[in-house]
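Residue numbers (the UniProt record's numbering): 1 to 128.
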Amino acid sequence: MNFEMKEQGFQTETEYGTLQAASDETYGFRPFQLLVSSVAVCSGGVLRKIMEKRRQTVHDIQIQTEVTRSGEGADEIQSIHLHFIVKADNINETKMEKNMEWTRKHCSMVQSVKDSIDITETFEIQTG
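Structure follows, in structure tokens:
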């Protein structure tokens, strides 16, 4: 990826389109929003694939996030909590706990940041 400086922030071209990033969210996505989105969407995509492979019919997955930042210095992200609301068939608490364990293990974004950001996950099941 190549990033080009703009008057406010930076931009890059991707297959999907132009991505604008800036520290001021009126000019683009804030970097912390992109990081949290990467962790959440990677986890959600991996979870979906795992559930489909286990023949658990997935109707919907929603992910709510809570982010804790230090509030000092660089205001780094200290923790990200992911709450998955899963609407699916052929699922129970035990199966879902195993799905979450495998999701954490196979999500490249979680694995990339796990030693510097505390990532926690919870879930609730809604039947189809």
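Heads up, the beta-carbon is just placed ideally off N, CA and C, and yes, glycines get one too. These numbers were taken from a predicted model, which means no experiment stands behind them.
query: Can you grab the Cα-Cα spacing for the pair R30 / I61, in whole Å?; result: 24 Å
query: List the whole-angstrom C-beta distance separating M109 from S38, where the pair is believed to meet the contact cut-off of C-beta under 8 Å.; result: 5 Å
query: Can you tell which of E4, H59 and W102 has its C-alpha closest to the C-alpha of T18?; result: E4
query: G28 to G9, Cα distance in whole Å?; result: 7 Å
query: Please state the DSSP three-state secondary structure of I61.; result: strand
query: Report the option in H81, R55, K87 and M1 whose CA atom is closest to the CA atom of T14.; result: M1
query: Reducing DSSP to helix, strand and coil, say where A88 ends up.; result: strand
query: Assuming contact is defined by CB atoms lying nearer than 9 Å, are E121 and H59 in contact in what I supplied?; result: no
query: Express the C-alpha separation of F32 and R69 in angstroms, rounding to a whole number.; result: 10 Å
query: Any idea what DSSP makes of Q111, helix, strand or coil?; result: helix
query: Less than 9 Å separating the beta-carbons of Q111 and H83?; result: no
query: Between which two residues does the alpha helix (DSSP H) holding F32 run?; result: P31 to K53
query: Quick one: is S43 buried, meaning 16 or more other Cβ sit within 10 Å of its Cβ, or exposed?; result: buried
query: Considering just the uninterrupted stretch of the beta strand (DSSP E) at E7, what are its terminal residues?; result: Careful: E7 lies outside any beta strand (DSSP E) and carries neither H nor E.
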